[in-house]
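Trainee: Let me begin by handing over the structure; questions about it come next.
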Amino acid sequence: MLDSIRKSCLAICIITTAYCGQSLHHYNTLSDAEADAIILAEVASKAAEESARLAELNQAEILSEGVLEDNGRRIIIRQVTPPEAEPDSTALPALSPAPSADLSALPAKARRSLFLSATVYDRALTYLRWEDAGEAYEGWSNVDFNYLGGVADLETDQANYTLFMALGNLSTENGPEGTLPGRPVFPEDEADFVLTLGDPANLETLQGIEAVLAYYEANEESLQIAYQRREALQAARERYAAAHPEEPKDLIFQYWDREPEGEE
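The sequence shown: position 116 = 115 (numbering that gives the first Met the number 0), numbered continuously.
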């Protein structure tokens, strides 16, 4: 039964996927130096934005100011003159609505959510747990679900899936093998899944799992590159934070009194 579902899902065309807001394609792995350079650019961009915002705040005419000390930083509260009135939106030319495509002839797709708990053992096998209609499901996959950590949405020609996943990693070196769930033998050349708990006749819930595996097989290299980039950038952020301990920054709050409407 599961094998037939799997073949059916692998035949599904994965139409679109949202992966943390970015395309999976056209990326290469990152070296430490490249990751460090990206983080330095992010830090510089953020500093420039903060400097511009501070300059904007300091342009206001200050009517009164109070300062509070809080663990090495200052909290500055200012009363300032009201900013200039925003342009009257009614004076702006009306925009014609963009033409929309007629989707009435397209068949409606089912919208399904996958709430998965994934435990990856030794960065090789993943034990999945989820519930469907109050019934518990569990099973093994030979896919390292760390690589799917950035996948948010999947669209097949049958359904739209939204993936929510709690992900953890364990090593069998931290405990005896007998304490782990029994693991089946998997083929070496394809992504697979073996159900260990739940109704194997519930094709709808199993099709969601198999659609995820089909997507992995179709994008394996890109997913692994994306994972390497996430890990490299996180390590670079940690290196930067260790070398540049963050110092307390002042907080500035500015307010102004609004004049009652109709009063000049």
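Glycine residues also receive a C-beta, built at the ideal position from the N, C-alpha and C atoms.
1. Let me confirm a value: T125 is counted as buried when at least 16 other C-beta atoms fall within 10 Å, else exposed. Which label applies?
2. I need the straight-line Cα distance from A36 to S50, nearest angstrom please.
3. Could you tell me whether the Cβ atoms of E134 and L127 are closer together than 8 Å?
4. Give me the Cα-Cα distance between G197 and G149, rounded to the nearest whole angstrom.
5. For the candidate residues Y120, E245 and R229, whose alpha-carbon lies nearest to that of T171?
6. Just to confirm my understanding: we take Q78, look at its own chain, exclude 5 residues before and 5 after, and list those with CB closer than 7 Å. What are they?
7. Report all residues from its chain with a CB closer than 6 Å to the CB of G167; omit the five preceding and five following residues, and keep chain order.
8. Nearest CA to the CA of A151: which residue from T161, F144 and I38?
9. Is the beta carbon of R236 less than 8 Å from the beta carbon of L29?
10. Where does D131 sit, in a helix, a strand or coil, going by DSSP?
11. What are the residues that DSSP puts in a beta bridge with S116?
12. Looking only at its chain, what residues have a beta carbon closer than 6 Å to the beta carbon of G264, apart from the 5 residues adjacent to it on each side?
13. For V211, which three-state DSSP category applies?
14. Which partner residues does N159 have in the DSSP bridge list?
15. Would you tell me roughly how many angstroms separate the C-alpha atoms of R257 and Y215, rounded to the nearest one?
16. Just the C-alpha distance for Y226 and L212, rounded to the nearest angstrom, thanks.
17. Could you check if G65 is buried or exposed, using at least 16 other CB atoms within 10 Å of its CB as the buried criterion?
18. Can you tell me which residues form a DSSP beta bridge with D69?
Mentor: Looking at the atomic coordinates:
1. Flag for T125 reads buried.
2. Looking at the two C-alpha atoms, the distance is approximately 21 Å.
3. It is not a contact, given that the beta carbons lie outside the stated cut-off.
4. Pairing G197 with G149, the inter-Cα distance amounts to about 27 Å.
5. The residue with the shortest Cα to Cα distance from T171 is Y120.
6. Correct list, in chain order: L62, S63, Y254 and W255.
7. Cβ within range, chain order: T118.
8. Restricting attention to T161, F144 and I38, the CA atom closest to the CA of A151 is found in T161.
9. No. Outside cutoff.
10. Strand at D131.
11. In the DSSP output, where bridge partners are listed per residue, S116 has R128 and A165.
12. Here the chain comprises residues numbered 0 to 263, so residue 264 is not present and cannot be evaluated.
13. Of the three classes helix, strand and coil, the one that applies to V211 here is helix, per DSSP.
14. Per DSSP, R110 and E154.
15. If you take the alpha carbons of R257 and Y215, they lie about 56 Å apart.
16. So the alpha carbons of these two residues sit roughly 16 Å apart.
17. So G65 ends up on the exposed side.
18. DSSP lists R72 as the beta-bridge partner residues of D69.
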